[in-house]
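Chains as they are written, first to last, in the numbering used here: chain A, 576 to 1027; chain B, 5 to 137.
Ideal Cβ positions, reconstructed from N, Cα and C, are used throughout, including at glycine.
As structure tokens, the structure follows; a few thoughts come after it.
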Amino acid sequence: MTEVKDYFGDYALAKIPEPETRTFLNQLMVFMGVLAVWAAVFAGAALASWYDATTLVVSVVIGCIILGIIAYLTGYIGSRTKASTYVILRHSMGRLIAMIAGLIISGISAMIWFAYETWLFGVIMQGVFPDIPFMRVEVASIWGGLLMMSTAILGYRALSVLSYFIVPAWFVIIPMALAAAIDINGGWSALMAAKPPTLMDIGVGITFTVGVYIVGATIAPDVTRFSRRPHDGPLAWFIHVVVFMPIIMAAGGFLQLLTPGVNLAAAMVGMGMIWAVLLTGVVGQWSTNDNNLYSSSLAWCNAIPIKRVYWVAIMGIIGTVIAALIALGFGVSLEALLLLGSFLGTWIPPMAAAMIADFYVVKPFFLGVKAVDKRYEWGPGTVYNLVNWPAVVAIIVGGFLAWWMPQVYPTIPGVVIGFGVSLILFILLMAACVKLGIKYGIGKWVETEKGF
Amino acid sequence: MSVEINTARSLFTKLNLVALVLSIIILVLSVISSPKAQAPFSIYAIILIIIILSGQLRVNRAGDLKQIGERAVQTLWLWTSLGLVALTMPPAPYFEFAQPVMVALIVIGAILIIAGVYALLKIRKLTGVYLSV
Chain A
576 MTEVKDYFGD YALAKIPEPE TRTFLNQLMV FMGVLAVWAA VFAGAALASW YDATTLVVSV
636 VIGCIILGII AYLTGYIGSR TKASTYVILR HSMGRLIAMI AGLIISGISA MIWFAYETWL
696 FGVIMQGVFP DIPFMRVEVA SIWGGLLMMS TAILGYRALS VLSYFIVPAW FVIIPMALAA
756 AIDINGGWSA LMAAKPPTLM DIGVGITFTV GVYIVGATIA PDVTRFSRRP HDGPLAWFIH
816 VVVFMPIIMA AGGFLQLLTP GVNLAAAMVG MGMIWAVLLT GVVGQWSTND NNLYSSSLAW
876 CNAIPIKRVY WVAIMGIIGT VIAALIALGF GVSLEALLLL GSFLGTWIPP MAAAMIADFY
936 VVKPFFLGVK AVDKRYEWGP GTVYNLVNWP AVVAIIVGGF LAWWMPQVYP TIPGVVIGFG
996 VSLILFILLM AACVKLGIKY GIGKWVETEK GF
Chain B
5 MSVEINTARS LFTKLNLVAL VLSIIILVLS VISSPKAQAP FSIYAIILII IILSGQLRVN
65 RAGDLKQIGE RAVQTLWLWT SLGLVALTMP PAPYFEFAQP VMVALIVIGA ILIIAGVYAL
125 LKIRKLTGVY LSV
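Have a look at this one:
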């Protein structure tokens, strides 16, 4: 195995060299930069229609712990192999399926979320400055989209610098604003007494929380591959989701409980915190959305070998155009877009399950590769299977259940079922193949000197 | 090398001290302000003070130029970013700041950001570490 030249840029298909690795704080800031977005606050608000304050916090914390464990496992693979999520998938799924899976996980899904967040950015801008033409939804969507593309084009360094700049302020401003909003809406006693009309089972809230950020947990290696020490990145992911995500979701949920129909951004505007809303809206949205585009470009590089910056530009322009078209109402349905994003999202936890099962169970216990550093060796000349059929079967079965079950049994946590079924099925199929001598890999792919 | 180490450490210490003084002023101003501003801005000032002091401790303990640079850049980013809070939050009528106090807080926020960015660029030049450390 030889060292591969960084042909595609920002080590899209190359190992991160030691001088380019980053500290624990860097990883924490980048992850929190992804979380620092109004959509996370709005997600918390959705829970308020189901729970009182205490149950809301408990369901969010349990959901976040589940997410933290999943991301610790995926993130650790990234920090050990110094590879992006999509390169890691080559081992468990085969080279061809890794291309397709990468596009489902990030190539297309992340671009859809980029478009959605860009449109939402325009909505926030117009909400704060309704009389300025430059801040109209369609106009702000365009300049916002271009702004977010800029750091994604520059790469991981720019993502880090932006996160360092906004994250500490964001996570002080939002709790301050929340405390103020609670104070003017009756205080903590009113919050503790507030109850929604009908209470939902706590499992639904846990599943909802897991569903909100499971994609982030799956693609954690895109960032943790820069981790200096193996546990820095995974630990940073765990801490950011277990400590900070509950604060953000509670911020949205608490206010919704006190004043149904009023979101925190609107409450902040009402309290005169215009500049804070603008800052948290513009830069917060930016630090999240550039990560979407960054991951999307990494996934596309793994599927079609052109330089990463071109993929950022292509996906960024498509996403921005979609956002502007939604704003203008020109035939692009936001509902259809989100439906597609959610549908693709149901297939992502089973992929994470296959990745985790392969690295932590199949490789060491069935294939005898005990040494962690040897489990996923990669680089020019590495031979991969084209398709690993047990992974394909496990993902299809798990993904189908994750999509179908909530439609028939709304209280059953589809995402968790999909993850669990795929994990177990993949392990069973691989165990059967190894024990019975059945070939589990179809075809061969030799990695080129460019890492493709 | 030891000259560079001393220069970097000295520059960081000076600017960190400026930030510490400004944070203490924020704490004092928040304590004498309206009850609505007291708790949130006092907590904010205390967070700033803890970051500044722990950052100073870490830089003092750093052994080589790279370590000094990394620890200094991390601390500087944290208080530079937190300067945004003093810049954007005090104008909100909710906090009922007196006009001079509000202006003072905004100026302090602006100084924290400008001094922080200056220090980041200088430390980067002196130590050669990335701003995205």
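Starting from Asn760/A and walking both ways along the alpha helix (DSSP H), at which residues does that stretch end? Where Asn760/A is concerned, there is no enclosing alpha helix (DSSP H), given that its DSSP letter is neither H nor E.
So for Trp922/A, helix, strand or coil by DSSP? Looking at Trp922/A - three-state DSSP - the assignment turns out to be coil, as it is neither helix nor strand.
Going by other Cβ atoms of all chains shown within 10 Å of its Cβ, with 16 needed for buried, is Pro965/A buried or exposed? buried
Interface flag, Tyr126/B vs chain A, CB-CB below 9 Å: Looking at the sequence shown, residue 126/B is not Tyr but Lys. Lys126/B does not count as touching chain A.
At 4 residues or longer, what runs of the alpha helix (DSSP H) sit wholly inside the segment 724-795 of chain A? 731-759, 762-768, 777-793
For Trp763/A, count the other beta carbons within 10 Å of its own beta carbon; 16 or more makes it buried, fewer makes it exposed. Which is it? exposed
Under 9 Å, Cβ to Cβ, is there at least one residue of chain B near Asp706/A? no
Contact check, Cys876/A vs Ala587/A, beta carbons under 9 Å: yes
From the DSSP secondary-structure annotation, give me the bridge partner or partners of Tyr959/A. Trp1020/A
Would Val111/B count as contacting chain A if we go by Cβ distances under 9 Å? no
Spatial distance of Gly974/A from Met668/A (CA atoms): 15 Å
If contact means a Cβ-Cβ distance below 8 Å, which residues of the segment 872-895 of chain A contact chain B? In summary, no residue of the segment 872-895 of chain A has a CB separated from any CB of chain B by less than 8 Å.
Between Val137/B and chain A, is there a C-beta pair that is closer than 9 Å? yes
Run through DSSP, which three-state label would Ser802/A get? strand
Beta bridge counterpart(s) of Arg597/A as assigned by DSSP: Ser802/A
In chain order, what residues of the same chain have a beta carbon less than 7 Å from the beta carbon of Ala932/A, not counting five sequence neighbours either side? Leu998, Phe1001, Ile1002
Quick check on Thr11/B - is its C-beta less than 9 Å from some C-beta in chain A? no
Give me the chain A residues within the contact set of Lys40/B, using Cβ-Cβ distance strictly less than 8 Å, ordered along the chain. Those within 8 Å of Lys40/B in chain A are Ala755, Asp758.
Considering only C-alpha positions, which residue in the set Lys590/A, Asn963/A, Lys882/A, Phe813/A is nearest to Gly584/A? Lys882/A
Would you kindly work out how many angstroms separate the C-alpha atoms of Gly73/B and Phe918/A, rounded to a whole number? 46 Å
Whole-number beta carbon distance between Met848/A and Met93/B, since they are thought to touch under 8 Å: So it is a contact: roughly 7 Å between Cβ atoms.
Quick one: measure Cβ to Cβ for Val817/A and Ile683/A, integer angstroms, because I've assumed they're closer than 8 Å. Not confirmed; about 29 Å, so no contact.
Please compile the residues from chain B whose C-beta is within a distance smaller than 7 Å of the C-beta of Met848/A. Met93, Ala96
What are the residues in the segment 44-61 of chain B lying within 9 Å of chain A by C-beta distance? Pro44, Phe45, Ile47, Tyr48, Ile51, Ile55
Alpha-carbon spacing of Asn838/A relative to Ala615/A, whole angstroms: 12 Å
contact_flag[the segment 47-63 of chain B, the segment 124-131 of chain B] where n(CB pairs < 8 Å) is 3 or more: no
Start and end residues, alpha helix (DSSP H) containing Glu74/B: 69-92
Use the C-beta contact count for Ile897/A: other C-beta atoms within 10 angstroms, 16 or more gives buried, fewer gives exposed. It counts as buried.
Straight-line CA distance for Ser872/A to Asp581/A? 15 Å
My output table needs one value for Asp706/A: the three-state DSSP class, helix, strand or coil. Here Asp706/A sits in coil by DSSP.
If you reduce the DSSP assignment to three classes, tell me which class Thr834/A lands in. Thr834/A falls in the coil class under three-state DSSP.
In terms of residues, what are the limits of the alpha helix (DSSP H) holding His666/A? Where His666/A is concerned, the enclosing alpha helix (DSSP H) stretches over 660-668.
Hey, how far is the Cα of Leu1004/A from the Cα of Ala969/A? 8 Å
List, in order along the chain, the chain A residues whose C-beta lies closer than 7 Å to that of Val74/B? The sequence given here places Glu at residue 74/B; Val does not occur at that position. Within chain A, the residues near Glu74/B are Thr598.
What is the rounded straight-line gap between the Cα of Ile749/A and the Cα of Met930/A? 35 Å
Within the same chain, show all residues whose beta-carbon is closer than 6 Å to that of Met604/A, passing over the 5 residues directly before and after it, in chain order. Ser738, Tyr739, Val742
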